[in-house]
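First the structure, in the form of structure tokens, and then the observations on it.
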Amino acid sequence: MGLALAFESSCDETSVALVEDGRRVLCAPVYSQLREHSPYGGIVPEYASRAHLEKFSFLLKEILVQYPLKPGVLDYVAVTTRPGLIGALLVGYHSALACARFFRAPLIGVHHLEAHFAAIRLCGAELPYPALGLLLSGGNSALYLLRGPGEVEVLGDTADDAAGEALDKAAQILGLGYPGGPAIERAAQQYRELRAVAEGAEAELDDENPFPIILRDLPRTEIRFSFSGIKTALLRLAQSQNHSTDFLAFHYQERIVEHAARNLSHALWRHPGLPVIAAGGVLANQRLRRALAKVCQSQGSSLLIPELRFCTDNAAMVAAAAQLYFERSMPSPFTQVSADKSFLPIWQSKV
Ligand code: KG4
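Numbering (the numbering used here), first residue to last: 2 to 352.
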């Protein structure tokens, strides 16, 4: 057993969750700070910290009204300690620490990226070590070899922007609002419908794609993400005013999906047959999910993706990750808040 209260505040989602065994979610309210950040087309760190500070007590109250917890009943309190916006992390850390003291429970610090992969435990699956972990979110685009809790090898990272960031910036350029991922997906879907392209047949339109293939000559042994070139191409194409917004959104999304799928294919070439866990907010994208499923199917691997509600930042996944340590009676290597660079992966590979 492991009854946990968990806190997430690494970026712009404020969330608290009550989770049993790191698998059964009893209550997991999330406050998305869209209202705070959308006027700026991106996240303003100071506003994020302030919103976390304001909202944590409301979310906690929502849980305590349904589950009036008494000191001594929790097995642990879990909290994201890295990577993230430092002010935002500190608000979450100190809220969690206060609860740990009040409920007389130990505090388990969690790595946000590990939590994204652990989210599949909330969907009835287990973390199948060793596995490949593909993370595509607002702050990260990377592929990892997951060997065990806290034992992670970085196979490839982003040279510049993250996938979600590239989508958010594109939506800003195209005037589609924030967050950009869902807006680009909607515009791309409209273009697909306009051209009456059947589900899964996007490649039919590739001849007209005005965007360069990202890292066209990336050798099969290499895994590397890069989105800044395509973003600049979008800016130029949008300024030329020769194409509709939906056309640009469709082809831009196609290139990003193709790039992610190719990197995953390279990782599977290096580690054939390993199961793949794909996580992070960008995995809400249906086109991306189809493309990754195709890669895994053709290379004989299974693909696990958390449910949509657990793909974006939430506290339930933080409990799912903390439980990995709790059930092994292992100390978490992420107990303290880290002020290291915002979203760069800083796991210490043990290999
Ligand atoms: O993992 P996440 O919730 O947190 C951060 O890393 O901040 O990911 C947020 C990212 C944003 O960039 C957002 O635009 C993107 O996920 N996203 C999507 C979709 N829904 C959210 N990207 C593509 N398609 C979507 N449907």
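C-beta atoms are modelled at their ideal positions from N, C-alpha and C, and glycine is treated no differently.
Residue range of the unbroken beta strand (DSSP E) whose run includes residue i
i, result
"E21", "14 to 21"
"E152", "152 to 157"
"G149", "142 to 149"
"V338", "Taken as a continuous stretch (DSSP letters only), V338 belongs to no beta strand (DSSP E), as it is neither H nor E."
"S39", "Unbroken run through S39: none, as it is neither H nor E."
"A188", "Taken as a continuous stretch (DSSP letters only), A188 belongs to no beta strand (DSSP E), being part of the alpha helix (DSSP H) at 181 to 195."
"E9", "4 to 9"
"C28", "25 to 28"
"C89", "The displayed chain sequence assigns Ala, not Cys, to residue 89. Run containing A89: none in the beta strand (DSSP E); it sits in the alpha helix (DSSP H), 87 to 104."
"A79", "77 to 83"
Residue i - DSSP class collapsed to helix/strand/coil
i, result
"E112", "Contrary to the premise, residue 112 reads as His rather than Glu in this sequence. Looking at H112 - three-state DSSP - the assignment turns out to be strand."
"G134", "strand"
"T233", "helix"
"V353", "Outside the shown range of the chain (2 to 352) lies residue 353, about which nothing can therefore be said."
"A172", "helix"
"V31", "strand"
"F228", "coil"
"L304", "strand"
"F344", "Reliability fails at F344, whose pLDDT of 36 lies under 50, so the model's placement of it is uncertain and the value that follows must be treated cautiously. It is coil, neither helix nor strand."
"E127", "coil"
"A163", "coil"
"R122", "helix"
"D218", "coil"
"A204", "helix"
"E209", "helix"
Delimiting residues of the alpha helix (DSSP H) encompassing residue i
i, result
"V319", "317 to 327"
"Y48", "46 to 67"
"S299", "287 to 299"
"R310", "309 to 312"
For residue j and residue i, believed in contact at Cβ under 8 Å, the rounded distance
i, j, result
"H260", "F212", "Rounded, the Cβ-Cβ distance is 10 Å, inconsistent with contact."
"L293", "L265", "6 Å"
"L35", "L19", "So it is not a contact: roughly 24 Å between Cβ atoms."
"L195", "T246", "L195 to T246, Cβ: 12 Å. No contact."
"D162", "S229", "5 Å"
"A29", "A262", "That belief does not hold up - the Cβ atoms of A29 and A262 are roughly 30 Å apart, past 8 Å."
"H272", "I224", "Actually they are not in contact, since the Cβ atoms of H272 and I224 sit about 11 Å apart, beyond 8 Å."
"M318", "F311", "6 Å"
"P1", "R329", "Residue 1 lies beyond the residue range present for the chain, which begins at 2 and ends at 352; the question has no answer from this structure."
"A285", "A188", "Going by Cβ atoms, the distance from A285 to A188 rounds to 15 Å, so no, they are not a contact pair."
"V155", "A143", "6 Å"
"V283", "A164", "5 Å"
"E209", "Q254", "That pair is no contact at about 14 Å."
"D314", "S58", "The pair is not a contact, with the Cβ atoms about 19 Å apart (cut-off 8 Å)."
"V26", "E14", "Incorrect: roughly 15 Å between the Cβ atoms, too far for contact."
"L108", "L4", "With 8 Å as the limit, L108 and L4 do not qualify as a contact, their Cβ atoms being about 14 Å apart."
Chain D contact for residue i (CB, 8 Å cutoff)
i, result
"A250", "Of the chains in the structure shown, none is chain D; there is only one protein chain."
Cβ-heavy atom distance, residue i to ligand 3, below 7 Å
i, result
"E166", "Ligand 3 is not part of this structure, which contains only ligand 1."
Query raised in the report: Where are the beta strand (DSSP E) runs, 3 residues long or more, that stay fully inside the region 237 to 281, in chain order?
Result: Qualifying beta strand (DSSP E) stretches, in chain order: 277 to 280.
**Report entry** Given 8 Å, three or more beta-carbon pairs between the region 9 to 17 and the region 123 to 136
**Finding:** No, they do not touch.
**Report entry** Three-pair Cβ contact test at 8 Å for the region 280 to 298 versus the region 322 to 329
**Finding:** No, because fewer than three Cβ pairs between the region 280 to 298 and the region 322 to 329 fall closer than 8 Å, the two stretches do not touch.
Query - Stretch pair the region 60 to 73 + the region 193 to 213: three plus CB contacts closer than 8 Å - result: The region 60 to 73 makes no contact with the region 193 to 213; the number of CB pairs closer than 8 Å stays below 3.
Query raised in the report: Counting Cβ pairs, one atom from each stretch, are 3 or more of them under 8 Å apart for the region 270 to 282 and the region 120 to 135?
Result: In short, these stretches touch, since the Cβ pair count reaches three.
Requested in this report: Pair every Cβ in the region 113 to 120 with every Cβ in the region 80 to 93, then say whether three or more of these pairs are closer than 8 Å.
Outcome: With the cut-off at 8 Å, the region 113 to 120 and the region 80 to 93 touch.
Query raised in the report: Are at least three pairs of beta-carbons, each pair with one atom in the region 97 to 109 and one in the region 42 to 55, less than 8 Å apart?
Result: Cβ pair count under 8 Å is below three, so no.
Query - Segment contact, 8 Å Cβ cut-off, at least three pairs: the region 176 to 192 with the region 38 to 47 - result: In short, these stretches touch, since the Cβ pair count reaches three.
Query raised in the report: Is it true that the region 328 to 335 meets the region 300 to 308, where meeting means three or more beta-carbon pairs spaced less than 8 Å apart?
Result: Because the criterion of three Cβ pairs below 8 Å is not met, the region 328 to 335 and the region 300 to 308 do not touch.
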